[in-house]
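Below is one structure, written out as structure tokens, with a few remarks after it.
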Amino acid sequence: MASLAWYHQQMYGFHTGDFIRSQTHAYEAHPAGWLLMVRPIGIDAVNDIKPGTGGCPGPDNCLQVISGLGTPLLWWAAALALLVGIVWWVTGRDSRYALPIVAGMSTYLTWFPSADRPLFFFYAITIIPFTTIILAMLLGQFLGPPDWPKRKRRAWMVGSYIALVAANFAFIYPILTDQILPRSHWLARMWLSTWI
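So for the sequence shown, our numbering puts the first residue at 2; every next one is plus one.
Structure below.
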């Protein structure tokens, strides 16, 4: 047991000590930007694949990338839903938002005290179940009761949003799965300059 305690003490010291605070990384991301995916992480990249090599269609060079990126239309809507859910909970409009908000914030806010060392976007994966639950709750409220006259039109709107999320996922799928893409196709998926 003493060696296990020593091991954990050493590990904790490494991850909280002065050494790690002075380190930098090209893909480090402050937790404040995680909900908006300001700086996702590049997991793997093979650049300058020549046309005709390994499935590169040409005429330009290709690349093969794995990006640690969420589906933008889902993440961004879920971040907005989180804000709306917080307002509705705090103002007493709907207390059902309390559980997913508290659970989600407990997985997220705990990273801020460690923001003086390199942190990465993939740590934020733990919040997405809670923010998507909040988004689903808001979409359900937007639909309204089953007998509401506007429900059919709003169901089409919600369905259209879900279809857009699915299409967005299909669009970014090649950069999640290491597929060979012409550079122009890869750039079309880099919606923010900080994603490169």
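Ideal Cβ placement from N, Cα and C applies to all residues, glycine included. Since we're looking at a predicted model, the values are computed, not measured.
**Request:** Leaving out five residues on either side along the sequence, give the residues of the same chain with a beta carbon under 7 Å from the beta carbon of Leu204.
**Result:** Here the chain covers residues 2 to 197 and nothing more, so residue 204 does not appear.
**Asked** Could you give the residue range of the beta strand (DSSP E) that holds Val47?
**Response** Ile42 to Ile50
**Rounded straight-line distance, which links the Cα of Ala80 to that of Ile21** = 30 Å
**Request:** Please name the residue or residues paired with Leu81 in a DSSP beta bridge.
**Result:** Beta-bridge pairing links Leu81 to no other residue.
**Cα-Cα separation, Ser161 to Tyr13** = 47 Å
**Asked** Around the C-beta of Pro101, are 16 or more other C-beta atoms found within 10 angstroms, so that it is buried, or is it exposed?
**Response** Under this definition Pro101 is a buried residue.
**Request:** For the beta strand (DSSP E) containing Ser200, list its first residue and its last residue.
**Result:** As shown, the chain starts at 2 and ends at 197. That puts residue 200 outside it, with no answer to give.
**Request:** Could you say which of Tyr98, Thr127, Pro119 and Val91 lies nearest to Leu110 if we only look at CA atoms?
**Result:** Thr127
**Prompt:** Which term fits Trp7, buried or exposed, when burial requires 16 or more other beta carbons within 10 angstroms of its beta carbon?
**Reply:** Looking at its Cβ environment, which holds fewer than 16 other Cβ atoms inside 10 Å, Trp7 is exposed.
**Message:** Given this structure, state the Cα-to-Cα distance separating Met191 from Trp76, to the nearest angstrom.
**Reply:** 15 Å
**Item:** Among Trp35, Ser96 and His26, the one whose alpha carbon lies nearest that of Phe123
**Value:** Trp35
**Val39 vs Thr195 beta-carbon contact at 9 Å** = Result yes, Cβ atoms of Val39 and Thr195 sit closer than 9 Å.
**Asked** If we ignore side chains and look at the alpha-carbon of each, how far apart do Gly105 and Gly69 end up?
**Response** 20 Å
**Request:** Can you tell me which of the three DSSP states Ile181 falls into?
**Result:** Residue state, collapsed to three classes: strand.
**Asked** How do the stretch 172-186 and the stretch 55-71 stand: do at least 3 beta-carbon pairs fall below 8 Å, yes or no?
**Response** Proximity of the stretch 172-186 to the stretch 55-71 meets the contact definition, three or more beta-carbon pairs being nearer than 8 Å.
**Message:** I'd like to know whether the C-beta of Leu110 is nearer than 9 Å to at least one C-beta of chain D.
**Reply:** In the structure shown, chain D does not exist; there is a single protein chain.
**Prompt:** Relative to the alpha-carbon of Ile129, which residue among Arg154, Thr108 and Thr25 has its alpha-carbon at the smallest distance?
**Reply:** For Ile129, the closest of Arg154, Thr108 and Thr25 by C-alpha to C-alpha distance is Thr108.
**Request:** Find out if the Cβ-Cβ distance for the pair Ile176, Phe121 is shorter than 9 Å.
**Result:** no
**Asked** Hey, how far is the Cα of Val88 from the Cα of Ala168?
**Response** 30 Å
**Request:** Within its chain, find whatever has a CB closer than 8 Å to the CB of Arg57; leave out the 5 residues flanking it on each side and keep chain order.
**Result:** Inspection of the sequence shows that residue 57 is occupied by Cys rather than by Arg. The answer, listed in chain order, is Ile50, Lys51, Cys63, Ile181 and Pro183.
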